[in-house]
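When you line the sequence shown up against our numbering, it's residues 7 to 136, in that order.
To start, the structure itself, in structure tokens.
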Amino acid sequence: MINEFLIDDDLPPTGAALFDVDRIEALVRASAAKRAAMSYSELLLVLGYRFTRPKMRALCKVLDVVDQRAAVNGEPELAALVVREGDGLPGQGWWVGRSDYQGEWTGPAARRYLVVIQAQAFDYWEARRA
7 MINEFLIDDD LPPTGAALFD VDRIEALVRA SAAKRAAMSY SELLLVLGYR FTRPKMRALC
67 KVLDVVDQRA AVNGEPELAA LVVREGDGLP GQGWWVGRSD YQGEWTGPAA RRYLVVIQAQ
127 AFDYWEARRA
């Protein structure tokens, strides 16, 4: 399912940490429990990769799977916690996939919207911290 989007020589082989949905989900949940967002490059670094656009796009596909799992389990989404370093907002793909937000993907309105979505994840996972 994920691999169909990943035709790129810069990507690691299938089965690598970049495609480990369980591990990535656990990392983002742990970040949520600490009430902290992570940048794409921070998360890639934890997984053992330097930032490249192809790797970021692959990571986004995995985050889509993480959010699909969360929805099935009645949990808040987590992909909103992985953001660009420059402005602290998720990338374009996260915004275009939304049906509950109409507006610019940058700026104050986007920030206000994101704060609400992130707070849901922070509250939920902080309450479940071991």
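Every residue, glycine too, gets a C-beta built ideally from N, C-alpha and C.
None of these values were measured; they are calculated from a predicted model.
So, using beta-carbon positions, are residue i and residue j closer together than 7 Å?
{"i": "residue 37", "j": "residue 87", "result": "yes"}
{"i": "residue 84", "j": "residue 34", "result": "yes"}
{"i": "residue 65", "j": "residue 57", "result": "no"}
{"i": "residue 128", "j": "residue 41", "result": "yes"}
{"i": "residue 110", "j": "residue 39", "result": "no"}
Where do the ends of the alpha helix (DSSP H) carrying residue i lie?
{"i": "residue 116", "result": "114-133"}
{"i": "residue 55", "result": "Residue 55 -> no alpha helix (DSSP H), and no H or E assigned at all."}
{"i": "residue 111", "result": "Element bounds for residue 111: n/a, residue is neither H nor E."}
{"i": "residue 37", "result": "27-39"}
{"i": "residue 97", "result": "Careful: residue 97 lies outside any alpha helix (DSSP H) and carries neither H nor E."}
Whole angstroms is fine: what's the gap from residue i's alpha carbon to residue j's?
{"i": "residue 67", "j": "residue 97", "result": "12 Å"}
{"i": "residue 52", "j": "residue 107", "result": "31 Å"}
{"i": "residue 13", "j": "residue 22", "result": "Per-residue confidence for residue 13 stands at a pLDDT of 44, beneath the threshold of 50, marking its modelled position as unreliable; the derived number appears in the next sentence. Going from the Cα of residue 13 to the Cα of residue 22 covers about 15 Å."}
{"i": "residue 126", "j": "residue 77", "result": "13 Å"}
{"i": "residue 26", "j": "residue 113", "result": "32 Å"}
{"i": "residue 10", "j": "residue 115", "result": "Because residue 10 carries a pLDDT of 46, less than 50, the predicted location of this residue cannot be relied on, and the following value inherits that uncertainty. Each residue's Cα considered, the two are about 34 Å apart."}
{"i": "residue 7", "j": "residue 102", "result": "Low confidence applies to residue 7: its pLDDT is 44, below 50, so where it sits in the model is not reliable enough to give any reading."}
{"i": "residue 124", "j": "residue 99", "result": "17 Å"}
{"i": "residue 55", "j": "residue 117", "result": "28 Å"}
Between the options, which lies nearest to residue i when the distance is taken from Cα to Cα?
{"i": "residue 24", "options": "60, 129 and 100", "result": "60"}
{"i": "residue 28", "options": "131, 71 and 134", "result": "71"}
{"i": "residue 62", "options": "120, 134 and 44", "result": "44"}
{"i": "residue 134", "options": "82, 30, 104 and 77", "result": "82"}
{"i": "residue 104", "options": "125, 73 and 129", "result": "73"}
{"i": "residue 119", "options": "131, 132, 94 and 130", "result": "94"}
{"i": "residue 90", "options": "80, 130 and 47", "result": "47"}
What residues are listed by DSSP as bridge partners for residue i?
{"i": "residue 45", "result": "89"}
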